[in-house]
Amino acid sequence: MGLKKKNDVSFDTESSESERRAVARTYEQLIRDLSSSDIEVRRWAIRDLGASDTADEVFIERLHKETDVTIIEALFSALDKMFSSKTASEMLDLLKSENVQVRNGAIELFQLNPVEFASQIDNIIDDSDPDVRIFCVDIIGAVAHKEATNWLHKIALTDTNINVVGTALDKLTEVGDGTTLEVLPLVAERHAGNSYIEFVINILYQQLGSADE
23 MGLKKKNDVS FDTESSESER RAVARTYEQL IRDLSSSDIE VRRWAIRDLG
73 ASDTADEVFI ERLHKETDVT IIEALFSALD KMFSSKTASE MLDLLKSENV
123 QVRNGAIELF QLNPVEFASQ IDNIIDDSDP DVRIFCVDII GAVAHKEATN
173 WLHKIALTDT NINVVGTALD KLTEVGDGTT LEVLPLVAER HAGNSYIEFV
223 INILYQQLGS ADE
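Following our numbering, the numbering of the sequence shown begins with 23 at its first residue and continues without gaps.
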């Protein structure tokens with residue numbers, strides 16, 4: 023969805039004063055404005071709530087309900103500017119959203135914030151939904167974090183869903199290193215006879231070198 027960088031402006035700061043509201047809204051009014059049927063009212067509410075200590079909570083709650091693509095993007099852009107480990111924890115359920123834009127926005131926001139993503143990695147790896155665990159693998163494959171390879175090793179060695187394991191091995195073809203060679207025999211033993219797993223493992227051996235070398 024192309025989130026703006028943290029130092030980018032999400033709203034038109036050069037809008038004329040005639041477009042600005044003459045009367046300041048209270049916090050309670052701004053919360054109500056987030057549910058307004060008027061898209062512009064919702065947009066202003068996002069901007070005005072940005073300085074609130076609980077803005078991340080109300081923005082994430084709104085993302086569970088919002089349907090307008092521009093407002094969804096504005097909510098994620100606002101969240102990116104205040105992202106923290108607390109925000110990351112509250113965002114986990116967005117990975118289960120039926121709205122593709124919301125799911126993708128959450129994935130992208132985790133990718134842009136590797137430290138905060140790392141604080142939630144155990145919760146995501148252990149999630150009961152295999153689709154969420156696959157999203158986790160996708161994030162790991164794109165995130166710039168020193169533990170990315172180790173996380174993929176853990177998933178390949180412990181996950182019970184063959185699709186999750188296969189996705190983790192696919193990502194290791196992109197980010198695997200010499201330590202991956204120690205993991206491959208164990209994964210192969212766990213999934214002996216699975217043609218796809220054997221195929222990806224063979225690719226990894228070709229890329230990383232034979233375990234006997």
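For every residue, glycine included, the Cβ atom is placed at its ideal position computed from N, Cα and C.
For the alpha helix (DSSP H) containing residue i, name the first residue and the last one.
i, result
"Thr189", "184-197"
"Leu179", "170-180"
"Asn126", "122-134"
"Gly163", "152-164"
"Gln142", "Careful: Gln142 lies outside any alpha helix (DSSP H) and carries neither H nor E."
"Thr89", "Thr89 -> no alpha helix (DSSP H), and no H or E assigned at all."
"Leu52", "49-55"
"Lys108", "107-113"
"Asp70", "61-71"
"Ser217", "217-230"
Give me the Cα-Cα distance between residue i and residue j, rounded to the nearest whole angstrom.
i, j, result
"Asp192", "Val186", "10 angstroms"
"Asp160", "Gly188", "12 angstroms"
"Thr48", "Ser99", "23 angstroms"
"Ala9", "Leu116", "A query on residue 9 cannot be resolved here, the shown segment of the chain reaching from 23 to 235 and no further."
"Thr182", "Glu169", "21 angstroms"
"Glu235", "Glu79", "No answer about Glu235 holds up, because its pLDDT of 45 lies below 50 and its placement is not dependable."
"Ile147", "Leu179", "12 angstroms"
"Val165", "Asp102", "15 angstroms"
Since residue i and residue j should fall inside the 8 angstroms C-beta cutoff, what is the C-beta to C-beta distance between them, to a whole number of angstroms?
i, j, result
"Ile94", "Gln123", "5 angstroms"
"Leu131", "Met113", "7 angstroms"
"Thr202", "Ile225", "About 11 angstroms; that fails the 8 angstroms criterion."
"Ile184", "Trp173", "About 18 angstroms separates the two Cβ atoms, so there is no contact after all."
**Report entry** Three or more C-beta pairs below 8 angstroms linking the stretch 102-110 and the stretch 83-92
**Finding:** They do not touch, by the three-pair rule.
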